[in-house]
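Have a look at the structure below before the remarks.
2 protein chains.
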Amino acid sequence: MATIKDVANLAGLSRSTVSRVMNKYPYVSEEKKRLVEEAMKSLNYYPNSSAQTLRSQKTDTIAVFIPMLTNPFFSHLLEGIDTVATEKGIRLLVCQTKYEAAIEKEFFNLLKSKQVDGIILTSLENDWASVREFAEHGPIVMCNEYDASSGMPNVCLDQVYGGYIGTRHLIEKGHRKIAFCQGRFKSLVSKARESGYKLALEEFGLAAKEEYAFRIAADYQDGKEVLKQMRALSDPPTAIFTGSDQVAAGLVYEARNLGLKVPEEIAVIGFDDQPIAEVTYPQLTTIRQPAREIGRRAMLLMLSKILSEENQLEDLEPLMLELIERSST
Amino acid sequence: MATIKDVANLAGLSRSTVSRVMNKYPYVSEEKKRLVEEAMKSLNYYPNSSAQTLRSQKTDTIAVFIPMLTNPFFSHLLEGIDTVATEKGIRLLVCQTKYEAAIEKEFFNLLKSKQVDGIILTSLENDWASVREFAEHGPIVMCNEYDASSGMPNVCLDQVYGGYIGTRHLIEKGHRKIAFCQGRFKSLVSKARESGYKLALEEFGLAAKEEYAFRIAADYQDGKEVLKQMRALSDPPTAIFTGSDQVAAGLVYEARNLGLKVPEEIAVIGFDDQPIAEVTYPQLTTIRQPAREIGRRAMLLMLSKILSEENQLEDLEPLMLELIERSST
DNA sequence: TTGAAAGCGATACCAG
DNA sequence: CTGGTATCGCTTTCAA
Numbered sequence: 000m001a002t003i004k005d006v007a008n009l010a011g012l013s014r015s016t017v018s019r020v021m022n023k024y025p026y027v028s029e030e031k032k033r034l035v036e037e038a039m040k041s042l043n044y045y046p047n048s049s050a051q052t053l054r055s056q057k058t059d060t061i062a063v064f065i066p067m068l069t070n071p072f073f074s075h076l077l078e079g080i081d082t083v084a085t086e087k088g089i090r091l092l093v094c095q096t097k098y099e100a101a102i103e104k105e106f107f108n109l110l111k112s113k114q115v116d117g118i119i120l121t122s123l124e125n126d127w128a129s130v131r132e133f134a135e136h137g138p139i140v141m142c143n144e145y146d147a148s149s150g151m152p153n154v155c156l157d158q159v160y161g162g163y164i165g166t167r168h169l170i171e172k173g174h175r176k177i178a179f180c181q182g183r184f185k186s187l188v189s190k191a192r193e194s195g196y197k198l199a200l201e202e203f204g205l206a207a208k209e210e211y212a213f214r215i216a217a218d219y220q221d222g223k224e225v226l227k228q229m230r231a232l233s234d235p236p237t238a239i240f241t242g243s244d245q246v247a248a249g250l251v252y253e254a255r256n257l258g259l260k261v262p263e264e265i266a267v268i269g270f271d272d273q274p275i276a277e278v279t280y281p282q283l284t285t286i287r288q289p290a291r292e293i294g295r296r297a298m299l300l301m302l303s304k305i306l307s308e309e310n311q312l313e314d315l316e317p318l319m320l321e322l323i324e325r326s327s328t
Numbered sequence: 000m001a002t003i004k005d006v007a008n009l010a011g012l013s014r015s016t017v018s019r020v021m022n023k024y025p026y027v028s029e030e031k032k033r034l035v036e037e038a039m040k041s042l043n044y045y046p047n048s049s050a051q052t053l054r055s056q057k058t059d060t061i062a063v064f065i066p067m068l069t070n071p072f073f074s075h076l077l078e079g080i081d082t083v084a085t086e087k088g089i090r091l092l093v094c095q096t097k098y099e100a101a102i103e104k105e106f107f108n109l110l111k112s113k114q115v116d117g118i119i120l121t122s123l124e125n126d127w128a129s130v131r132e133f134a135e136h137g138p139i140v141m142c143n144e145y146d147a148s149s150g151m152p153n154v155c156l157d158q159v160y161g162g163y164i165g166t167r168h169l170i171e172k173g174h175r176k177i178a179f180c181q182g183r184f185k186s187l188v189s190k191a192r193e194s195g196y197k198l199a200l201e202e203f204g205l206a207a208k209e210e211y212a213f214r215i216a217a218d219y220q221d222g223k224e225v226l227k228q229m230r231a232l233s234d235p236p237t238a239i240f241t242g243s244d245q246v247a248a249g250l251v252y253e254a255r256n257l258g259l260k261v262p263e264e265i266a267v268i269g270f271d272d273q274p275i276a277e278v279t280y281p282q283l284t285t286i287r288q289p290a291r292e293i294g295r296r297a298m299l300l301m302l303s304k305i306l307s308e309e310n311q312l313e314d315l316e317p318l319m320l321e322l323i324e325r326s327s328t
């Protein structure tokens, strides 16, 4: 591969001048500029990016940590991030953590080794305390999840509100025995939603029963399983608030499988409003998360950090969770 | 950030020795080794990767071109690629082309600028002729799609067979008027499946009617639309072979919406066997593509190229498409 | 077993 | 407006 030196030689000029042409500096005569461009063309020259990076200390690359690539919520989030990134000429290093702290921890070193300018987190498996040191090496922006104590810049939604409107909707539909179902226990998003769930129950004078709480359901199969467990209870709930459309879909499927009518005998509410929510029978009532837009904003936030232009990142209207009523409630 | 020089100074040794320790060279005395390690620890040192890259000409990074991140087929493919990559310490630069040749073309320059060691293609929007020059700068491996004329190493399935078994299945179910539906026209995968479709028809003495061919359907909404178009035909088909579960789901939904019975009045067969196939009502008969495994193998193939160890990439059993019969046919 | 020094390919300061 | 040169941080001969 040709280097800047080859171009300089062919054009009969210095490396400095070639560099100036590449970087669109002023003060280069039209003639030399043409000479350089011709030389670049005829050598099929393309600058070596690691040399540029080493010199400039900028990678124009961002790492994105994703727990599970196949989860539609995260792929939409990534899509949003990618769209802005590509627009701005930023490359994306995608790091799948598989929900494992050790893998995630390892990826944080990308910042230390200066392979990326910053990291966008879409979840956090490690304690903030154990990774805060990395923030000295570049901006870390969080989206989806949040950790108030960390002071990390973030883009997120009011998940307490999400738990609240979902539960309230079920109550308004006449339910009194409402179960709560979520993914991994440690997630702050889950905790927030549970607060909202309890808030709604309280408001209507209902008690949260611990046996109505399922804290391990993450996918379609889990949803089926949860339905079975629910039915085995001595006083089974008549409605359930779930943390994802996958789980809700599993519940609905298994309910029908057992001959239960949805929503008459068991009402189900999903979360996310993924494509799957329109495909189940009956279609899922769910709470829409604007995943793409969260991603977009996270990337914009990151840009404002790495360009450290004090571009105030124009105040965007707050992102809201929204109840989408279909037929499962 | 500390550099190798700082470490050398603190340890009272030369940069060479520090480098040798980092790279686990033999011939370093235990004592100096310990000294270096202590210095690295106390300086919280981490080598600068662009310096390493510049010097060694290896990035340990692979670019993956994906047309659409939110398409579950591609996210599973990516998951497979990622799993092997992470295992081997290879980073992934994810490039979403949005099915646009211009965007894709731009990404190819990653190879020229030496930001990546190789590229894994999961589709190809440009003509091979217009991108073949890039192959001089590093290995390009293709998966999912294929282009016989290019001679590119690839991992793919017999899509003709896919079209064949799907169509044959419909014929065996008693259908004679069978429609064919696919995504973008130019895709070779689509063309191959259509050949298989025609092959099956021919085998049973049936003619392929051009008005039964729909070549623009890529998602759920498109599926709904296709069903309407089909029904508007003077002699509507009684079965349809589709190129994706999304489209099939749309068809099934719209059929039910119009009061048509599936599969009695209209049989639908999907493709991929994505999670969505179990969620529709009725559940989709479909043709399973082992997306994760395709991804895994593509990455293994890439590794064999960049390590250029003549490690014969042990002969794996061929990947096969497989008919999964559920209730939509 | 260790160190000195050249060089990977680009950028930017300082002269002229 | 243009060129010489030091420099980014690391690896790898070559000598000792």
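Taken in order, these protein sequences are the chains called A and B.
Going by numbering that gives the first Met the number 0, the first residue of the first sequence is number 0, and it counts up by one from there.
Going by numbering that gives the first Met the number 0, the first residue of the second sequence is number 0, and it counts up by one from there.
Heads up, the beta-carbon is just placed ideally off N, CA and C, and yes, glycines get one too.
These numbers were taken from a predicted model, which means no experiment stands behind them.
query: Please name the residue, chosen from L257/A, S243/A, Q288/A, P274/A, that lies closest to V267/A on a Cα-to-Cα basis.; result: S243/A
query: Any chance the CB of L34/A is under 8 Å from a heavy atom of the ligand SAH?; result: For the ligand SAH, the structure offers nothing, since it holds no ligand at all.
query: Taking C-beta pairs closer than 8 Å, name the residues in chain A that M0/B reaches, listed in chain order.; result: K111, K113, H136
query: Ordered along the chain, which non-local residues of its own chain (more than five positions away) have a Cβ less than 8 Å from that of V140/A?; result: G117, I118, I119, L120, M151, P152, N153, V154, A297, L300, M301, K304
query: Buried or exposed, going by whether 16 or more other CB atoms sit within 10 Å of the CB of N43/B?; result: exposed
query: What does the Cβ neighbour count give for I275/B, buried or exposed, with the cut at 16 atoms within 10 Å?; result: buried
query: Return the first residue and the last residue of the alpha helix (DSSP H) that L110/A is part of.; result: 100-111
query: Closer than 9 Å by beta-carbon distance: list the chain B residues that pair up with D272/A, in chain order.; result: Correct list: empty, because the minimum Cβ distance to chain B is about 13 Å.
query: Taking 9 Å as the cut-off, decide whether the C-beta atoms of V225/A and L250/A are in contact.; result: yes
query: Taking only three categories from DSSP, how would you classify T82/A?; result: helix
query: Under 9 Å Cβ-Cβ, which residues of chain B neighbour D221/A?; result: The contacting residues do not exist; D221/A stays about 13 Å from chain B at best.
query: Does G117/A come out as helix, strand or coil in the three-state DSSP assignment?; result: strand
query: List the residues of chain A whose Cβ lies closer than 9 Å to the Cβ of S327/B, in chain order.; result: By Cβ distance, chain A contributes nothing, its closest Cβ being about 12 Å from S327/B, past 9 Å.
query: Output the boundary residues of the beta strand (DSSP E) element that contains V140/B.; result: 139-142
query: Could you have a look at V154/A and say whether DSSP puts it in helix, strand or coil?; result: strand
query: Report, in whole angstroms, the separation of the C-beta atoms of I323/B and R287/B, which I expect to be a contact under 8 Å.; result: 5 Å
query: Specify, as a first and last residue, the run of the beta strand (DSSP E) that I215/B falls within.; result: Taken as a continuous stretch (DSSP letters only), I215/B belongs to no beta strand (DSSP E), as it is neither H nor E.
query: Could you tell me the alpha carbon to alpha carbon distance between E124/A and V261/B, rounded to whole angstroms?; result: 45 Å
query: With H, G and I counted as helix, E and B as strand and the rest as coil, what does DSSP make of F270/B?; result: coil
query: Skipping 5 residues on each side, what residues in its chain have a beta carbon closer than 6 Å to that of E253/A?; result: K223, L226
query: Tell me, to the nearest whole angstrom, how far the beta carbon of T241/A is from that of F203/A; I am working on the premise that it is less than 8 Å.; result: The Cβ separation is near 20 Å, so there is no contact.
query: Within 9 Å (strictly less), CB to CB, does F252/A reach chain B?; result: Checking the sequence, you will find Tyr at residue 252/A rather than Phe. Interface residue, yes.
query: I'd like to confirm the pairing. Which residues does DSSP put opposite F72/B in its beta bridges?; result: Looking at the DSSP assignment, F72/B forms no beta bridge with any residue, so it has no partner.
query: If I measure Cβ to Cβ from V35/B and keep anything under 7 Å in the same chain, skipping five residues before and after, which residues do I get?; result: V6, A10, L12, T16, V17, V20
query: Take the Cβ of G173/A as the centre, count every other Cβ of all protein chains shown within 10 Å, and call the residue buried at 16 or more, exposed below.; result: exposed
query: Which residues bound the alpha helix (DSSP H) around T16/B?; result: 14-21
query: Buried or exposed: where does K4/B fall if 16 or more other Cβ atoms within 10 Å of its Cβ makes it buried?; result: exposed
query: With C-beta atoms as the reference, is P236/A less than 9 Å away from A178/A?; result: yes
query: What span of residues does the beta strand (DSSP E) with L92/A cover, start to end?; result: 90-95
query: Can you give me the C-alpha to C-alpha distance between Y98/B and D157/B, rounded to a whole angstrom?; result: 22 Å
query: Given a cut-off of 9 Å on the beta-carbon distance, is the pair R214/A and L257/A in contact?; result: no
query: List in chain order: all unbroken alpha helix (DSSP H) runs of 4+ residues lying wholly within the region 278-310 of chain A.; result: 290-305
query: Would you kindly work out how many angstroms separate the C-alpha atoms of V278/A and V246/A, rounded to a whole number?; result: 14 Å
query: Give the residues of chain A in contact with S48/B, contact being defined as C-beta atoms less than 7 Å apart.; result: S112, K113, Q114
query: Quick check on A207/A: does DSSP put it in helix, strand or coil?; result: coil
query: Note down, in chain order, each residue of its chain lying with its Cβ closer than 6 Å to the Cβ of Y145/B, except the 5 sequence neighbours on either side.; result: N153, C155
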